[in-house]
Amino acid sequence: MKRAFARTATLTAALLASGAEALPDRKALAQTADRPGVAQADHPYAGLWVTEDGRVRHELLPNNRYVEARGSREKAYQGRYRVTGDHIDYWDDTGFTADGDFIDGVLHHGGMILHRRR
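So for the sequence shown, the numbering used here puts the first residue at 311; every next one is plus one.
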């Protein structure tokens, strides 16, 4: 256990020294995901975002959680998100991370273009 921690600490230090940004750890994310007062319900991007063909759907919930549906899989991915300005960061519950940008009212994420559906 100590050896694994030392490797992780060394890798983290190397990444930070190279200028890479550190992402919050999963435990910290889990502790803040549903805390009152942390939600971004007032930001203009909360709601449903859908690809033109309707195959991919991102629901940005007001408690900083998201649910992504793909085709007939209504809960293909779930996790936490954070909007900073026009940028969105995603942390999937399985540990996967992703991001995107809102440009002229359109969400650009992972090579997809999602439009707001009200």
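Quick reminder that beta carbons are idealized off the backbone N, C-alpha and C, glycines included.
Determine the burial state of residue i: buried for a count of at least 16 other Cβ atoms within 10 Å of its Cβ, exposed for fewer.
i, result
"residue 398", "buried"
"residue 428", "exposed"
"residue 425", "exposed"
"residue 410", "buried"
So, helix, strand or coil for residue i, using DSSP?
i, result
"residue 428", "coil"
"residue 397", "strand"
"residue 376", "strand"
"residue 361", "strand"
"residue 353", "coil"
"residue 403", "coil"
"residue 423", "strand"
"residue 418", "strand"
Please list, in chain order, all residues of the same chain as residue i whose beta carbon is under 7 Å from its beta carbon, the five residues on each side excluded.
i, result
"residue 422", "361 and 366"
"residue 384", "none"
"residue 336", "Low confidence applies to residue 336: its pLDDT is 39, below 50, so where it sits in the model is not reliable enough to give any reading."
Would you give the residue range spanned by the beta strand (DSSP E) that residue i belongs to?
i, result
"residue 260", "There is simply no residue 260 to check, as the chain begins at 311 and stops at 428 in what is shown."
"residue 412", "407-413"
"residue 369", "366-370"
Please go through the same chain and pick out, in chain order, the residues whose beta-carbon is closer than 8 Å to the beta-carbon of residue i, but skip the five residues on each side of it.
i, result
"residue 386", "378, 379 and 380"
"residue 329", "For residue 329, the predicted model reports a pLDDT of 43, less than 50, meaning its position is unreliable; a value from the coordinates is still stated below. Excluding residues within five positions, none has a Cβ falling inside 8 Å."
Against chain B, does residue i count as a neighbour if the rule is that its beta carbon must be under 8 Å from one of theirs?
i, result
"residue 371", "The structure shown contains no chain B; it holds only a single protein chain."
Can you name, in chain order, every residue of its own chain whose Cβ lies under 6 Å from the Cβ of residue i, other than the five neighbours on each side?
i, result
"residue 401", "339, 389, 390 and 407"
"residue 369", "358 and 377"
"residue 392", "399"
"residue 417", "359, 410 and 424"
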